[in-house]
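Colleague: Going left to right, the sequence shown walks through residues 13 to 599 as the working numbering numbers them.
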Amino acid sequence: MITLQVNNRPIEAQPGEMLLTALRRAGINVPTLCNLEQLTPTGACRLCVVEVEGQRNLMPSCAFPVAPGMKVWTHSPRALRARKTIVELLLANHPDDCLYCVRNNNCRLQQLAAELGVRQRRYFGARRQYHADTSSASIVRDPAKCILCGKCVRVCEEIQGVAAIDFIHRGSRAHVGTAFDQGLNVSSCINCGQCVMVCPTGALTEQSHIKEVVEALNHRLRAAAPRDGATANGGPLVVVQHAPAVSVTIAEELGLRPGADAAGILNAMLRRLGFDRVFDTSFSADLTVMEEAAELVHRIKTGGPLPLLTSCSPGWIKYVEEFHPDFVGNLSTCKSPQQMLGALIKSHLAECEGRDAADIYSVAIMPCTAKKFEAGRPELARHGLPDVDAVLTTRELLRLIRLRGLDPARLDPEPADSPFGERSSAGKLFGATGGVAEAALRTAHYLLTGQELPVARLKAVRGLDAVKQVTVKMGELEVHVAVVSGLANAGRLLDEIRTDRRHLHFVEVMTCPGGCIAGGGQPLGTDRAALRSRLDALYRIDRDAPLRAAHRNPTVRRLYEEFLGEPLSTRSHELLHTQYHAREVVH
Ligand code: SF4
13 MITLQVNNRP IEAQPGEMLL TALRRAGINV PTLCNLEQLT PTGACRLCVV
63 EVEGQRNLMP SCAFPVAPGM KVWTHSPRAL RARKTIVELL LANHPDDCLY
113 CVRNNNCRLQ QLAAELGVRQ RRYFGARRQY HADTSSASIV RDPAKCILCG
163 KCVRVCEEIQ GVAAIDFIHR GSRAHVGTAF DQGLNVSSCI NCGQCVMVCP
213 TGALTEQSHI KEVVEALNHR LRAAAPRDGA TANGGPLVVV QHAPAVSVTI
263 AEELGLRPGA DAAGILNAML RRLGFDRVFD TSFSADLTVM EEAAELVHRI
313 KTGGPLPLLT SCSPGWIKYV EEFHPDFVGN LSTCKSPQQM LGALIKSHLA
363 ECEGRDAADI YSVAIMPCTA KKFEAGRPEL ARHGLPDVDA VLTTRELLRL
413 IRLRGLDPAR LDPEPADSPF GERSSAGKLF GATGGVAEAA LRTAHYLLTG
463 QELPVARLKA VRGLDAVKQV TVKMGELEVH VAVVSGLANA GRLLDEIRTD
513 RRHLHFVEVM TCPGGCIAGG GQPLGTDRAA LRSRLDALYR IDRDAPLRAA
563 HRNPTVRRLY EEFLGEPLST RSHELLHTQY HAREVVH
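1. At the level of alpha carbons, what is the spacing between Gly55 and Ala530?
2. Just how far apart, CA to CA, sit Gln481 and Val495?
3. Nearer than 8 Å: is that true of the beta carbon of Leu92 relative to any heavy atom of the ligand SF4?
4. Does DSSP classify Cys346 as helix, strand or coil?
5. Span of the alpha helix (DSSP H) holding His457?
6. Let me know the secondary structure DSSP gives Ile329 once reduced to three states.
7. At a cut-off of 8 Å, would you count Asn197 as near the ligand SF4, judging by its Cβ distance to the nearest heavy atom?
8. What do you reckon, is the C-beta of Thr381 under 8 Å from a heavy atom of the ligand SF4?
9. Provide the residue(s) that pair with Ile159 in DSSP beta bridges, ordered along the chain.
10. Can you tell me the Cα-Cα spacing of Gln463 and Thr314, whole angstroms?
11. Using DSSP's beta-bridge definition, name the partner residues of Val309.
12. In whole angstroms, what is the alpha-carbon distance linking Ala244 and Gly396?
13. For the putative contact between Lys384 and His221, defined by C-beta atoms under 8 Å, what is the C-beta separation to the nearest angstrom?
14. If you scan the segment 90-171 from start to end, which runs of the alpha helix (DSSP H) of 4 or more residues do you find wholly inside it?
15. Would you give the residue range spanned by the beta strand (DSSP E) that Asp507 belongs to?
16. Identify every residue that forms a DSSP beta bridge with Ser374.
17. Tell me whether His336 is buried or exposed, calling it buried when 16 or more other Cβ atoms sit within 10 Å of its Cβ.
18. Sorted by chain position, which residues of the same chain lie with C-beta nearer than 6 Å to Val64's C-beta, five sequence neighbours on each side aside?
19. Using a 10 Å radius around the Cβ and a threshold of 16 neighbouring Cβ atoms, would you call Tyr112 buried or exposed?
20. Just how far apart, CA to CA, sit Cys110 and Arg37?
21. From Cys324 to Val18, what distance separates their C-alpha atoms?
22. In chain order, which continuous runs of the alpha helix (DSSP H) of length 4 or greater are located wholly inside the segment 171-218?
23. Select from Ala75, Val62, Cys60, Asn69 the residue whose C-alpha is nearest the C-alpha of Thr52.
24. On the three-state DSSP scale, how would you describe Phe76?
25. Please report the distance separating the alpha-carbon of Leu607 from that of Thr523.
26. Residues in the same chain with beta-carbon distance under 6 Å from Gly214, minus the five sequence neighbours each way, listed in chain order, please.
27. Any heavy atom of the ligand SF4 closer than 8 Å to the beta-carbon of Ser200?
28. Have a look at Gly241 and Glu573 and give me their C-alpha separation to the nearest angstrom.
29. Buried or exposed for Lys471, going by 16 or more other Cβ atoms inside 10 Å?
30. Quick one: grab the DSSP three-state call for Asp292.
31. May I have the straight-line CA-CA distance separating Ala305 from Asp556, to the nearest angstrom?
32. Per DSSP, Ala494 is paired with what?
33. Got a sec? Which residues, its chain only, sit under 8 Å from Lys330 by beta carbon, not counting five neighbours each side?
34. May I ask you to report which of helix, strand or coil DSSP gives Thr601?
35. Can you give me the C-alpha to C-alpha distance between Thr33 and Arg120, rounded to a whole angstrom?
36. Is Leu418 near the ligand SF4, going by C-beta to nearest heavy atom under 8 Å?
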């Protein structure tokens, strides 16, 4: 350790680290708009400038290495003046529509303007006019609100290995865009929303489905209580499912105990919002486990193609289609839990309710922006109808809850509805990296040996590490498994598999680093501590659950007996499986 003098007080720093890191550790908050902890600093925004003794100019602390005895002033009048001017210049080229912006009250630029005392516009100049790009099913880009911090560009390239967006032109014409400045829908974007998570302003947001969902709920409400002598026609049944990661996240935002599983409260809130039937996607995650474990065992016994690559993360699917089409055949043919439940809602539930599939409006609440794209994929529609009509992210759900003035503290937990009302904790584990592998291996082990797999043997796939591996003995067979999150990591693993790691049997990939708990549709400002608490909640649920394996779920068993037949049956294939194909994109 070395010692620096900061604001006339000593602080400790590690040799070689950047000044900003040491300042943060010492509890000295210096603002930045472009810095991302896990990525190389660029010093692009200059907001983190500080005075360093012996340096004529102010220095960007994010890109300035510490040195023994260094003397630093972080909030001197000169540094504060410089920061304020930077923010004023950014605002001079920014739309004045904060009140109407989706990031109002949650915008880093707005916060900094307030913190630095910006109270009037001092700089005026010609502004470039940009049109928002609304072409993507998942993401809306508004270059007029972009402050060129470059975080989205770096996340897309360095974390996701996609590089769908980059800086175009220089100087006053510089902006962030896609190849040939075309719509995001024809770019290589895999809809993960990680760019949205790091964007400090409203330049990147999700494609919202709130309006459609509210219309469906209102229509249902009007139909249930007709006015002016109109006859009730019932309207479409409005059905909702919520993903495993959502219920361990919303507690943080709703003033409940962080890290608590709020699934029961969520069911109650969704009913108060007007949904007719409420289901937990963890139930169909159990079905995914049943199908995927059977597929793994089948491929191991028949010689491949191996490794079997998981297919529940839609960003990953598009990434394989675009960047690694030689692995499309390795993808599991299982639909994701969202799409499996969507297909069952419009087939089995429709049958139980005596309705046509077209008379059901199916909503999914997901931690993921790519699920919006997935819901609209033509290969996942049946008879020209999508199985999922609208997808709300966790953020949109929270907006809807606030819009309707629901107070979760005054609600009692309620169970999910039949006929998909019971889940195992294996299905719940889908919310985090390693969870799908753990759940599938529990059932694959049972299929291969007739014995339950002790949970302790899968500990290696737990935790937030980006790459994990484990070998599991199943009878005579050694099953080699890798778990990876973040697509740049996944791309590297595929390269290794092509060369020297052909022995792998099963690979779980989650698009977002950490899995769905860190998905692109989750609350903004998610940090490592929030991820840890969501992850702990998932493992607590599993530890305390009476039902820990999908093949033990009595509701899943009954569904197979009464409707699906058995895993990989013709009906299962028709409803729960699909095929993906190589995809051409503009790179
Ligand atoms: Fe890149 Fe993901 Fe953003 Fe698309 S959604 S631009 S792939 S970070």
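Every residue, glycine too, gets a C-beta built ideally from N, C-alpha and C. A quick note: this is a predicted structure, and the numbers were derived from the prediction, not measured.
Modeller: So, from the listed chains and residues:
1. Looking at the two C-alpha atoms, the distance is approximately 26 Å.
2. Taking the Cα positions, Gln481 is about 6 Å away from Val495.
3. Checking every heavy atom of the ligand SF4 against the Cβ of Leu92, none is found closer than 8 Å.
4. Of the three classes helix, strand and coil, the one that applies to Cys346 here is strand, per DSSP.
5. Boundaries of the alpha helix (DSSP H) around His457: 447-461.
6. Helix at Ile329.
7. No, Cβ of Asn197 sits at least 8 Å from all heavy atoms of the ligand SF4.
8. Thr381: yes, Cβ under 8 Å from the ligand SF4.
9. For Ile159, which the question treats as bridged, DSSP gives no partner whatsoever.
10. Computed Cα separation, rounded: 22 Å.
11. Paired residues: none, contrary to the question.
12. Low per-residue confidence applies at Ala244: pLDDT is 45, beneath 50, and the placement is therefore not dependable, though the value from the model is reported in the following sentence. Taken atom to atom, the span from the alpha-carbon of Ala244 to that of Gly396 is near 28 Å.
13. So it is a contact: roughly 7 Å between Cβ atoms.
14. For the segment 90-171, whole alpha helix (DSSP H) runs of length 4 or above, ordered along the chain, are 120-127, 163-166.
15. Counting along the chain, Asp507 sits inside no beta strand (DSSP E); it lies in the alpha helix (DSSP H) bounded by residues 499-511.
16. Paired residue(s): Val251.
17. Residue burial annotation: His336 is buried, with at least 16 other C-beta atoms found within 10 angstroms of its C-beta.
18. Met71, Val84.
19. Tyr112 should be labelled exposed.
20. Taking the straight line from one Cα to the other gives about 32 Å.
21. Annotation: Cys324 to Val18 spans about 49 Å, alpha carbon to alpha carbon.
22. Here the runs fully enclosed are 206-210.
23. When only C-alpha atoms are compared, the closest one is Ala75.
24. The answer is coil: DSSP assigns Phe76 none of H, G, I, E or B.
25. A question about residue 607 goes unanswered here, because the residues of the chain that appear run from 13 up to 599.
26. Answer for Gly214: Cys113, Val114, Arg115, Lys157, listed in chain order.
27. Yes, Cβ of Ser200 sits closer than 8 Å to a heavy atom of the ligand SF4.
28. In this prediction, Gly241 scores a pLDDT of 47, lower than 50, which makes its location untrustworthy; the coordinate-derived value is nonetheless stated afterwards. CA-to-CA, the gap between Gly241 and Glu573 works out to about 46 Å.
29. Flag for Lys471 reads exposed.
30. Note: Asp292 maps to strand in three-state DSSP.
31. Going from the Cα of Ala305 to the Cα of Asp556 covers about 24 Å.
32. Per DSSP, Gln481, Val519.
33. In the same chain as Lys330, and ignoring 5 residues on each side of it, the C-beta atoms closer than 8 Å to its own belong to Ile202, Asn203, Ala382, Phe385, Arg595, in chain order.
34. There is no way to answer for residue 601, as the model of the chain reaches only from 13 to 599.
35. So the two alpha carbons sit approximately 19 Å from each other.
36. No, since every heavy atom of the ligand SF4 falls outside the 8 Å radius drawn around the Cβ of Leu418.
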